[in-house]
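Have a look at the structure below, then the notes.
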Amino acid sequence: MALLNLYNCLNTYLVIGAMLFGFGVYGLVSRRTLIGMLIASELLLSGASMNFMAFNRFLAPDPAIGQIFTLFIMAIAAAEAAIAVSIVMAVYRNFKSIDTEDIVDMHG
Amino acid sequence: MQATICQTVANPSLFSAESFVGIIFLITVGLIITGAGIAVVSRRLVRCISGLAVCFTGVAGAYYFLLSPFLAMMQMLIYVGAVSILIAFAIMMATPEGEDTAGNKGSAKGPAIAGPLGIAVGALMFAALSVLGVKTDWQVFPRTGTGDMESMGKILLTSHSMVFELISIVLLIAIIGALVLARRGRN
Numbered sequence: 001m002a003l004l005n006l007y008n009c010l011n012t013y014l015v016i017g018a019m020l021f022g023f024g025v026y027g028l029v030s031r032r033t034l035i036g037m038l039i040a041s042e043l044l045l046s047g048a049s050m051n052f053m054a055f056n057r058f059l060a061p062d063p064a065i066g067q068i069f070t071l072f073i074m075a076i077a078a079a080e081a082a083i084a085v086s087i088v089m090a091v092y093r094n095f096k097s098i099d100t101e102d103i104v105d106m107h108g
Numbered sequence: 109m110q111a112t113i114c115q116t117v118a119n120p121s122l123f124s125a126e127s128f129v130g131i132i133f134l135i136t137v138g139l140i141i142t143g144a145g146i147a148v149v150s151r152r153l154v155r156c157i158s159g160l161a162v163c164f165t166g167v168a169g170a171y172y173f174l175l176s177p178f179l180a181m182m183q184m185l186i187y188v189g190a191v192s193i194l195i196a197f198a199i200m201m202a203t204p205e206g207e208d209t210a211g212n213k214g215s216a217k218g219p220a221i222a223g224p225l226g227i228a229v230g231a232l233m234f235a236a237l238s239v240l241g242v243k244t245d246w247q248v249f250p251r252t253g254t255g256d257m258e259s260m261g262k263i264l265l266t267s268h269s270m271v272f273e274l275i276s277i278v279l280l281i282a283i284i285g286a287l288v289l290a291r292r293g294r295n
């Protein structure tokens, strides 16, 4: 029954965080729309937060510091999402597209 | 409570409370994996954002298992309640009519190597970070705090107050910048 005891192990959470980061990198490379890339970047930030929370629970002397850092990551992610969405809106108004291949002006 | 890297309960029976908690944790991990997979693989952007919301719900459950119910609540409020809805609004407003695909439709334009390259880079990052996390001999330090909300509030307003103020300035600038960017070009 080692499978039912996974929630008390540090390695489980580290692997989950690495998995979220890997999904985010894959989405960031393979997506071709701006909103798809924004979704992938949210996954990246989630993986980083998961690592902070895992170390905070199992290793840190004061378990409040990691939670505060994760709160800061959440605030930065919210600000980033708001800015990115408004940039997507401005791009869509000018180019009528959010595909990254369509929004180039200079063909080099 | 003394923190150790891997606490094991000595052979719990399948119908005990510990194994019930373990089953709930496995469901949480399943939510995270399924949601993240849908969010990066699905072709339609609406399904992507639904998968992202499912994944964030699973992450909130994992935060609860990491002894931080406050962060789990914040995750539900900020990510599931605000960021997902914001991106859903962006999808509804900025996706051209009849073209709801997330890419790879017109395969003539755009490099075809992006998909395999993305899988390779993502799998490499996952493998490298997992091996690094599992193989490292982590040092456990003795606990000096409890990590409840009262100590978090005290730290936030004493030793980390500078960062707290900086975050508020960043949020203010983000709000103003978003307003200016969304307002420009509209007569």
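Chains as they are written, first to last, in the numbering used here: chain C, 1 to 108; chain P, 109 to 295. Glycine included, each C-beta is placed from N, C-alpha and C at the ideal position.
Cutoff 8 Å: residue i Cβ touching any chain P Cβ
i	result
C:M106	no
C:I103	no
C:T30	Position check: residue 30 of chain C holds Ser in this sequence, whereas Thr was assumed. Yes, contact with chain P.
DSSP beta-bridge partners of residue i
i	result
C:M33	One detail in the question is off: residue 33 of chain C reads as Thr in this sequence, not Met. Partner(s): C:D99.
P:C114	C:C9
Within-8 Å CB hit, residue i to chain C
i	result
P:R155	no
P:T252	yes
P:I284	no
P:L225	yes
P:L265	no
P:M233	yes
P:M260	yes
P:R152	no
Listed by chain order, chain C residues near residue i by CB distance under 8 Å
i	result
P:F123	In chain order: nothing, as chain C lies at least about 11 Å away.
P:M182	L71, M74
P:I141	M19
Beta-carbon neighbours of residue i, restricted to chain P and to distances below 9 Å
i	result
C:A48	By Cβ distance, chain P contributes nothing, its closest Cβ being about 11 Å from C:A48, past 9 Å.
C:S41	Within chain P, no residue comes near C:S41; the closest Cβ sits about 11 Å away, beyond 9 Å.
Among the options, nearest to residue i - alpha-carbon criterion
i	options	result
P:I221	C:L34, C:Y26, C:L45	C:Y26
P:T203	C:V29, C:L59, C:T33	C:T33
P:S192	P:D256, P:F164, P:M201, P:G226	P:F164
P:V278	C:I35, C:V91, C:I76, C:F55	C:I76
P:G226	C:S97, C:G24, C:E101, C:S49	C:G24
P:L175	C:M53, C:I103, C:S30, C:R31	C:M53
P:G285	C:Y92, C:I103, C:E80, C:L44	C:E80
P:I263	C:F69, C:M106, C:A84	C:F69
P:K68	C:N5, C:A2, C:V15, C:G66	The shown model of chain P, from 109 to 295, leaves out residue 68 of chain P, and the question about it has no answer.
Amino acids of chain P, ordered along the chain, whose beta-carbon sits closer than 7 Å to that of residue i
i	result
C:F72	V271, I275
Residue i at chain B interface by Cβ criterion, 8 Å
i	result
P:G169	As a matter of chain content, chain B is missing from the structure shown, whose protein chains are C and P.
Residues that residue i contacts on chain P, provided the C-beta gap is smaller than 8 Å
i	result
C:F95	Result: empty, since nearest Cβ-Cβ is about 10 Å, beyond 8 Å.
Listed by chain order, chain C residues near residue i by CB distance under 9 Å
i	result
P:A222	V29, S30, R31, R32
P:S158	Within 9 Å Cβ-Cβ: nothing; P:S158 doesn't reach chain C, min ~11 Å.
P:V129	L4, Y7
Item to check | alpha helix (DSSP H) runs wholly inside the stretch 249-284 of chain P, at least 4 long, in chain order | outcome: 257-265
Checklist entry - In the stretch 11-81 of chain C, which residue ranges form an unbroken beta strand (DSSP E) of at least 3 residues, counting only runs that do not cross its ends? => result Here no run is fully enclosed.
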